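Residue numbers (our numbering): 26 to 240.
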């Protein structure tokens with residue numbers, strides 16, 4: 026199952042994921058001389074609106090920086106994550122630009138809760154990852170979890186890694202959270218749905234007999 030890549034909003038880009046509806050859509054750009062009584066090109070200059078062809082809403086840019094809506098530049102959280110994990114993710118995205126270290130710490134907390142969602146205790150992330158590996162955790166997911174564990178921990182207890190001004194590193198952690206959720210929660214759910222809804226019961230019985238060595 027191939028996931029459609031997320032494309033963050035970028036000035037004058039013809040298509041990206043809309044910061045208002047999140048859909049990947051074409052964007053129509055227009056330089057503004059006057060908008061909603063606030064901007065005049067003759068006084069301000071360099072003010073643009075990007076109109077989303079999917080939702081019909083607009084984002085406002087000054088030169089190459091988005092003014093509206095307030096947007097962190099990270100993809101939306103995976104909806105299969107538990108609600109409290111989604112809240113941590115969104116809170117982290119809100120403070121990313123102001124405090125990359127704080128965002129990384131919140132995302133580490135989200136990973137701790139994700140381990141609980143996956144059936145682990147959530148008390149020691151390192152032990153939880155080890156247990157997940159013993160259960161057959163794919164290597165790339167293990168590496169993603171360890172990256173979240175180490176980077177998030179260093180954000181709380183600074184050591185060799187300093188995230189105070191590193192928005193780029195912290196922003197990659199959001200992608201890792203969604204990658205982990207996609208591989209461990211979303212894809213298995215989608216496969217279960219296809220198997221349970223589309224495979225007739227007699228075929229399921231044949232498969233069960235095969236796997237039990239009865240054929």
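Cβ atoms here follow ideal geometry from the backbone N, Cα and C, with glycine treated the same way.
This structure is a prediction, so every number in the text was calculated from the model and none was measured.
Backbone secondary structure at residue i - three-state DSSP
i: residue 1; result: What is shown of the chain runs 26 to 240, which leaves residue 1 out entirely.
i: residue 75; result: strand
i: residue 114; result: helix
i: residue 168; result: helix
i: residue 101; result: coil
i: residue 36; result: coil
i: residue 124; result: coil
i: residue 149; result: coil
i: residue 235; result: helix
i: residue 160; result: coil
i: residue 107; result: coil
Where the alpha helix (DSSP H) containing residue i begins and where it ends
i: residue 92; result: Per DSSP, residue 92 belongs to no alpha helix (DSSP H); it is in the beta strand (DSSP E), 90-93.
i: residue 85; result: Note, residue 85: premise wrong, no alpha helix (DSSP H); beta strand (DSSP E) at 83-87.
i: residue 197; result: 192-206
i: residue 213; result: 212-223
Opening and closing residue of the beta strand (DSSP E) in which residue i lies
i: residue 31; result: Taken as a continuous stretch (DSSP letters only), residue 31 belongs to no beta strand (DSSP E), as it is neither H nor E.
Sequence-distant residues of its chain with Cβ nearer than 6 Å to residue i (five each side left out)
i: residue 32; result: 41 and 42
i: residue 229; result: none
9 Å Cβ cutoff, residue i in contact with chain D
i: residue 213; result: In the structure shown, chain D cannot be found, because there is only a single protein chain.
Contact set for residue i: own chain, Cβ-Cβ below 7 Å, skip 5 residues either direction
i: residue 244; result: Beyond the ends of the chain as shown, which are 26 and 240, falls residue 244; an answer cannot be given.
i: residue 115; result: 102
i: residue 37; result: 54
i: residue 163; result: 208
Supposed close pair residue i, residue j - CB separation, criterion 8 Å
i: residue 233; j: residue 125; result: With a Cβ gap of about 50 Å, residue 233 and residue 125 do not count as contacting.
i: residue 147; j: residue 153; result: 7 Å
Cβ neighbours of residue i in the same chain (closer than 8 Å, five flanking residues each side left out)
i: residue 136; result: 150, 170, 173, 174, 177, 202 and 205
i: residue 48; result: 42, 77, 79 and 80
i: residue 211; result: 103 and 105
i: residue 144; result: none
- Message: Using 8 Å as the cut-off, can you tell me whether the stretch 199-214 makes contact with the stretch 162-169, which would need three or more C-beta pairs spanning the two stretches below that distance?
- Response: Result yes; three or more Cβ-Cβ pairs closer than 8 Å.
- Does the pairing of the stretch 109-122 with the stretch 71-86 give three or more beta-carbon distances under 8 Å? Verdict: no, contact absent.
- Message: Would the stretch 85-96 count as touching the stretch 42-57 if we require 3 or more Cβ pairs under 8 Å?
- Response: With contact defined as three or more Cβ pairs closer than 8 Å, the stretch 85-96 and the stretch 42-57 are in contact.
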